[in-house]
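Colleague: Take the position in the sequence shown, starting the count at 1, then add 849; the result is the number in my numbering. Quick reminder that beta carbons are idealized off the backbone N, C-alpha and C, glycines included. This one's a predicted model, so the numbers in the text were calculated from it and none came from an experiment.
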Amino acid sequence: MGLSEHEQRLLDEMERNLYKHEADIVNTSSGPRTVDYTKVAIGVLGIAVGLVLIVVGVLMKLAIIGVAGFGVAVVGALWALSASKPATGDDAVGRGRPGEGPAAAKQGPGLMDRLAQEWDDRNTRG
């Protein structure tokens, strides 16, 4: 069953909007990232110290120590989670601009290109 003229127009409009906003989507998606393992280690250590303080607070029946331990654990978790940041400059693929260098040669077509090709193949078959 084919699409009506109205449905075809809507589909074409959605496709144009998708291609128009594709660059925005690609720019906001996660790309290469670097991780500061020192921050991760300090964060995990903070979580461990916080959990120990929680246990000590429960054993000593002092809520303030338990609350402080929870706070230390939360700060440690936030510290560890903040250790990842987008790669820039020398950290990026191709040491400069993305899409350069040996890693870029291994990459195939992008997601939108593959989806467009599948769509075209599907339409030519049916």
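I'd like to confirm the pairing. Which residues does DSSP put opposite T887 in its beta bridges?
Modeller: Counted from its first residue, the sequence shown places residue 887 at position 38. Paired residue(s): none; T887 is not in a bridge.
Colleague: To which residues of the same chain is A932 closer than 6 angstroms at the C-beta, ignoring the five residues directly before and after it?
Modeller: Working through the sequence shown from its first residue, we reach residue 932 at position 83. Here the set comprises V884, D885, K888 and V889.
Colleague: Quick check: what's the CA-CA separation for E854 versus L960?
Modeller: What you label residue 854 is simply residue 5 of the sequence shown in a count that begins at 1. What you label residue 960 is simply residue 111 of the sequence shown in a count that begins at 1. Their backbone Cα atoms lie some 28 angstroms apart in a straight line.
Colleague: Classify K869 as helix, strand or coil using the three-state DSSP reduction.
Modeller: If you number the sequence shown from 1, residue 869 lands on position 20. Three-state DSSP puts K869 in a helix.
Colleague: What separation, rounded to the nearest whole angstrom, lies between the Cα atoms of G899 and V916?
Modeller: Counted from its first residue, the sequence shown places residue 899 at position 50. Counted from its first residue, the sequence shown places residue 916 at position 67. Rounded to the nearest angstrom, the two C-alpha atoms are 9 angstroms apart.
Colleague: Measuring straight from C-alpha to C-alpha, what distance separates G943 and R882?
Modeller: In the sequence shown, the residue the question calls residue 943 occupies position 94. In the sequence shown, the residue the question calls residue 882 occupies position 33. Low confidence applies here, because G943 scores a pLDDT of 46, under 50, leaving its location unreliable and the question unanswered by this model.
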